[in-house]
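Here is the structure we will look at, set down as structure tokens.
Residue numbers (the numbering used here): 110 to 240.
Below is the structure:
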């Protein structure tokens with residue numbers, strides 16, 4: 110893993126301000142929290158940015174060209190008890206080019222994933238769920 114200073118590679122990969130602006134917003138807001146450490150990791154063509162608080166892996170975000178994929182990792186779920194129904198109501202499915210995408214889901218590990226499609230989603234995430 111590399112420290113977040115290597116983030117320019119991710120912005121170059123995204124190519125679009127439509128994705129880089131929400132990513133910059135989320136990184137800035139999450140990073141401003143006390144005890145936050147950030148690391149990037151590259152897996153093939155994808156990158157992930159991991160957020161640790163007091164050495165616990167709370168959150169991650171995987172940027173790609175269509176959306177940003179946010180993860181509430183198990184330590185965050187245990188510490189904050191996020192409500193999946195509330196997340197689903199705040200982040201309803203989105204239509205893009207005739208395809209409907211669910212924004213909120215749960216992975217096999219029981220972690221909550223949220224697709225962020227733009228600044229509205231990024232602001233909602235940081236203002237309501239990461240305060």
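Each residue gets a CB set at the ideal place from its N, CA and C atoms; glycine is no exception.
Quantities reported herein were computed from a predicted structural model and do not represent experimental measurements.
Backbone secondary structure at residue i - three-state DSSP
{"i": "residue 140", "result": "helix"}
{"i": "residue 225", "result": "strand"}
{"i": "residue 110", "result": "In this prediction, residue 110 has a pLDDT of 46, which is less than 50 and means its spatial position is unreliable; nothing more can be read from the coordinates."}
{"i": "residue 218", "result": "coil"}
{"i": "residue 240", "result": "coil"}
{"i": "residue 130", "result": "helix"}
Buried or exposed by the 16-neighbour rule on C-beta atoms within 10 Å, applied to residue i
{"i": "residue 230", "result": "buried"}
{"i": "residue 154", "result": "exposed"}
{"i": "residue 160", "result": "buried"}
{"i": "residue 125", "result": "exposed"}
{"i": "residue 181", "result": "buried"}
{"i": "residue 243", "result": "In the structure as shown, the chain begins at 110 and stops at 240. Residue 243 is therefore absent and cannot be evaluated."}
{"i": "residue 168", "result": "buried"}
Reference residue i; option with closest CA among the options
{"i": "residue 227", "options": "176, 206, 161 and 172", "result": "176"}
{"i": "residue 235", "options": "170, 217 and 187", "result": "170"}
{"i": "residue 118", "options": "196, 150 and 238", "result": "150"}
{"i": "residue 219", "options": "195, 200, 206 and 185", "result": "185"}
{"i": "residue 188", "options": "238, 216, 131 and 199", "result": "238"}
{"i": "residue 203", "options": "211, 120 and 196", "result": "211"}
Whole-angstrom C-beta distance between residue j and residue i, which should lie under 8 Å
{"i": "residue 209", "j": "residue 222", "result": "Actually they are not in contact, since the Cβ atoms of residue 209 and residue 222 sit about 16 Å apart, beyond 8 Å."}
{"i": "residue 158", "j": "residue 174", "result": "Rounded, the Cβ-Cβ distance is 16 Å, inconsistent with contact."}
{"i": "residue 179", "j": "residue 225", "result": "6 Å"}
Task: Start-end ranges of the alpha helix (DSSP H) lying completely within the region 132-215, minimum 4 residues - done: For the region 132-215, whole alpha helix (DSSP H) runs of length 4 or above, ordered along the chain, are 183-189 and 193-199.
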